[in-house]
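Working notes, beginning with the structure itself.
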Amino acid sequence: MVKDKTYLIPTSVHEAIEMAKANSGSFKYLAGGTDVMVNKFQGNDSSPCLIDLSKITDLKGISKTEGY
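Every letter in the sequence shown is one number past the one before it in my numbering, and letter 19, counting from 1, is 245.
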């Protein structure tokens, strides 16, 4: 049986945070999907909302900043 899910795709960190607040704790961040797919096939897929972080440019890498 397939359950309906809300799938959200923010384009900024601020937007992702606002989406998380709007879904009051009943969501999972998606940043690759491996764990989500494993849980789905094991029957442990309980989150009604996924927030996909893949389109947030600020999260696309690691950089070194002076002083940090």
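Heads up, the beta-carbon is just placed ideally off N, CA and C, and yes, glycines get one too.
This structure is a prediction, so every number in the text was calculated from the model and none was measured.
Among the options, which one has its Cα closest to the Cα of residue i?
i: lysine 231; options: Ser238, Tyr294, Asp271 and Asp261; result: Asp271
i: glycine 258; options: Lys286, Gly293 and Ala248; result: Lys286
i: tyrosine 233; options: Ser250, Lys247, Glu241 and Leu256; result: Leu256
i: proline 236; options: Asp261, Ser280 and Cys275; result: Ser280
i: alanine 242; options: Met263, Ile282 and Glu292; result: Ile282
Starting from residue i, follow the beta strand (DSSP E) in both directions and report where the run begins and ends.
i: isoleucine 277; result: 275–278
i: threonine 283; result: It is not in any beta strand (DSSP E) - threonine 283 carries neither H nor E in the DSSP assignment.
i: threonine 291; result: Premise fails: threonine 291 is in no beta strand (DSSP E) and is neither H nor E.
Contact check, residue i vs residue j under 8 Å by CB: the rounded distance?
i: valine 239; j: aspartate 284; result: 6 Å
From residue i to residue j, what distance separates their C-alpha atoms?
i: glycine 269; j: lysine 254; result: 16 Å
For this session: Pick out the complete beta strand (DSSP E) segments inside the segment 239–266, 3 residues or longer, and give them in chain order.
Result: 254–256
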